[in-house]
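A.B. asks: Dumping the structure here so I can ask a few things about it.
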Amino acid sequence: MRIGQQTSIGFLGACLCLLAIMVQSASAQDEAIRVPNFWDPKAVHDRPGSIPDKIQFLATDGYPPFVFRDPQGRLTGFNVDLARALCQELGSSCALRIKDFDVLLPALDEDEGDAIISGLSRNLASTRRLNFTEDYMKLPARFIVAANKVATFDEQKLNGVKISVEAGTRYEAFANRFWPMAEIVSLETETAARDAVISGAADAHFGDGLSLSFWLPSQAADGCCAFAGGPWLEPGYFDEGLAIATRSDDPERAAALTYALRQLHQKGIFRELYLRYFPQSFY
């Protein structure tokens, strides 16, 4: 899973056993979890006239919780289940072929698959020729603070607040541009930026919400912190999301997949998948 040229989702070291524990406990937390929805619930969309008989998805594994191997070696993950649900909605036969990320585009061009579901960015020169569905998930930035300071943290009043960020990231660029009165603490790694909140060297950390949602319940966090404020999805920084790509000469398949994505949202199926793999919401 990559956003941009080769951007990691940021939690590749997440423990699969932790994921399994979190998934098992998700049902008890369903009511407290905020599930994202970028679709207009009142909009009416007609079923496309052209529905593909089959969809061969292409993806890269090793990126939990999107596509990965469970302890028994079976392919699983959010994108795996989403692809299956899309095909069921369309009545199409479905398959998923695993490829290295670097050869996903050539594989699509050579008709080894019909659609890439692997976090491919639409803003690269090499992908602008492709057709993309609408985003099915966006990746917001979030604040975390010490757990006992959530109630008093105000993201609209950051004057003098020490905010840790990972140096060289879009989070650092955003913080420096929009919060000049805050004290931005740029640290070499994401781990160091998170630990600054634990040690008290920073009042808050601003970073990748998805990655933080898996860190917060981990042993490394040790119950130190919690999300504060809301998700940040500012255009030009955090607005690029996950979408499915098809060939330039195959707009009908992208349109059918976008229709199916909308239907999954309206029927609550997307919510079920989100709760299964993201029991601590990053929204």
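Per mature numbering (1 follows the signal peptide of the UniProt record, and there is no 0), the sequence shown runs over residues -28 to -1, 1 to 255. Every residue, glycine too, gets a C-beta built ideally from N, C-alpha and C. Since the structure is predicted, the reported quantities are computational estimates derived from the model, not experimental observations.
(1) Here's the rule: buried if 16 or more other CB atoms are within 10 angstroms of the residue's CB, otherwise exposed. What is residue 141?
(2) Report buried or exposed for residue 67, applying the criterion of at least 16 other Cβ atoms within 10 angstroms of its Cβ.
(3) Exposed or buried, residue 237, counting other C-beta atoms within 10 Å across all chains shown (16 or more means buried)?
(4) Report the rounded CA-to-CA distance for residue 250 versus residue 89, giving the unit in angstroms.
(5) Can you tell me whether residue 144 is helix, strand or coil according to DSSP?
(6) How many angstroms separate the CA atom of residue 108 from the CA atom of residue 193?
(7) Spatial neighbours of residue 8 within its chain, please: CB distance less than 6 Å, with the 5 preceding and 5 following residues excluded, ordered by chain position.
(8) Mapping DSSP to helix, strand and coil, what is residue 221?
(9) So for residue 78, helix, strand or coil by DSSP?
(10) Assuming residue 69 is part of the beta strand (DSSP E), what are its boundary residues?
(11) Would residue 180 and residue 113 be called neighbours here (beta carbons separated by less than 8 Å)?
(12) With distance defined between alpha-carbon atoms, name the residue in 46, 128, 24 nearest to residue 33.
(13) If we cut at 8 Å on Cβ distances, does residue 176 have a partner in chain D?
(14) Leaving out the 5 sequence neighbours to the left and right, which residues in its chain are closer than 7 Å to residue 48 when beta-carbon positions are compared?
(15) What residue does the alpha helix (DSSP H) around residue 248 start on, and which one ends it?
(16) With a CB to CB cut of under 6 Å and the five nearest residues on each side skipped, what residues in its chain are close to residue 38?
(17) Spell out a yes or no on whether the stretch 80 to 98 and the stretch 206 to 221 are touching, meaning 3 or more CB-CB pairs, one atom from each, closer than 8 Å.
(18) The alpha helix (DSSP H) with residue 62 in it runs from where to where?
(19) Take residue 27 as the anchor and find which of 176, 61, 139 has the nearest alpha-carbon.
(20) Once DSSP output is grouped into helix, strand and coil, what is the label at residue 114?
(21) For residue 195, does the count of other Cβ atoms within 10 angstroms reach 16, so buried, or fall short, so exposed?
(22) May I have the straight-line CA-CA distance separating residue 77 from residue 6, to the nearest angstrom?
(23) Let me check understanding here. Comparing Cα to Cα, which of 136, 168, 30 lies closest to residue 81?
(24) Take residue 130 and list the residues in its own chain whose beta-carbon comes closer than 6 Å to its own, dropping the five residues that flank it on each side.
(25) Tell me the DSSP bridge mates of residue 234?
(26) If distances are taken between C-alpha atoms only, which option among 36, 133, 138, 64 comes closest to residue 162?
(27) Of the choices 25, 174, 55, whose alpha-carbon is the least far from that of residue 132?
(28) Going by DSSP, name the residue or residues bridged to residue 104.
(29) Quick check on the burial criterion: 16 or more other C-beta atoms within 10 angstroms. Buried or exposed for residue 111?
C.D. replies: Reading from the atomic positions:
(1) As a position in the sequence shown, residue 141 is number 169, starting the count at 1. Buried.
(2) For the purposes of this step, residue 67 is identified with residue 95 of the sequence shown, where counting begins at 1. Sixteen is the threshold: since fewer than 16 other Cβ atoms of the shown chains lie within 10 Å of the Cβ of residue 67, the residue is exposed.
(3) Here residue 237 corresponds to residue number 265 of the sequence shown, with the count starting at 1. With 16 or more other Cβ atoms within 10 Å, it is buried.
(4) Here the question's residue 250 lines up with position 278 in the sequence shown. Here the question's residue 89 lines up with position 117 in the sequence shown. Straight-line Cα distance between these residues: approximately 18 Å.
(5) Within the sequence shown, the letter at position 172 stands for residue 144. DSSP places residue 144 within a helical segment (H, G or I) once states are collapsed to three.
(6) Sequence index remark: in the sequence shown, residue 108 carries index 136 (1-based). Sequence index remark: in the sequence shown, residue 193 carries index 221 (1-based). Each residue's alpha carbon lies about 29 Å from the other.
(7) Position 36 of the sequence shown, counted from the first residue, corresponds to residue 8. So the list reads 255, once near-sequence residues are dropped.
(8) To locate residue 221, count along the sequence shown from 1; it is residue 249. Residue 221 falls in the coil class under three-state DSSP.
(9) For the purposes of this step, residue 78 is identified with residue 106 of the sequence shown, where counting begins at 1. Residue 78 falls in the helix class under three-state DSSP.
(10) Working through the sequence shown from its first residue, we reach residue 69 at position 97. Start and end: 65 to 70.
(11) As a first step, residue 180 must be located in the sequence shown, where it is residue number 208. As a first step, residue 113 must be located in the sequence shown, where it is residue number 141. Going by C-beta atoms, residue 180 is nearer than 8 Å to residue 113.
(12) If you number the sequence shown from 1, residue 33 lands on position 61. The candidate whose alpha carbon is nearest that of residue 33 is 46.
(13) Absent here is chain D; the protein component of the structure consists of one chain.
(14) Against the sequence shown, residue 48 aligns to sequence position 76. Correct list, in chain order: 40, 42.
(15) Within the sequence shown, the letter at position 276 stands for residue 248. Here the alpha helix (DSSP H) through residue 248 covers 241 to 249.
(16) Taking the first residue of the sequence shown as position 1, residue 38 is located at position 66. Counting only Cβ-Cβ distances below 6 Å, and skipping sequence neighbours, we find -28, 49, 50, 51.
(17) Using a C-beta cut-off of 8 Å, the stretch 80 to 98 makes contact with the stretch 206 to 221, since at least three inter-stretch Cβ pairs fall below that distance.
(18) Here residue 62 refers to the residue found at position 90 of the sequence shown. If you look at residue 62, you'll find it in the alpha helix (DSSP H) that goes 50 to 62.
(19) Here the question's residue 27 lines up with position 55 in the sequence shown. The shortest C-alpha separation from residue 27 is found at 61.
(20) Along the sequence shown, read from residue 1 onward, the residue named residue 114 stands at position 142. Three-state DSSP puts residue 114 in a strand.
(21) What you label residue 195 is simply residue 223 of the sequence shown in a count that begins at 1. The residue is exposed, with fewer than 16 neighbouring Cβ atoms inside 10 Å.
(22) For the purposes of this step, residue 77 is taken as the residue at position 105 of the sequence shown. For the purposes of this step, residue 6 is taken as the residue at position 34 of the sequence shown. Approximately 34 Å between the Cα atoms of the pair.
(23) Translated into positions along the sequence shown, residue 81 becomes position 109. The option with the nearest alpha carbon to residue 81 is 30.
(24) As a first step, residue 130 must be located in the sequence shown, where it is residue number 158. Taken in chain order, the residues that qualify are 151, 154.
(25) Taking the sequence shown and counting its residues from 1, one reaches residue 234 at position 262. None, per the DSSP bridge assignment.
(26) As a working mapping, residue 162 is identified with position 190 in the sequence shown. When only C-alpha atoms are compared, the closest one is 138.
(27) Numbered from its first residue, the sequence shown carries residue 132 at position 160. Among 25, 174, 55, the Cα nearest to that of residue 132 belongs to 174.
(28) By one-based count along the sequence shown, residue 104 stands at place 132. Per DSSP, 217.
(29) Taking the sequence shown and counting its residues from 1, one reaches residue 111 at position 139. Buried: at least 16 other Cβ atoms inside 10 Å.
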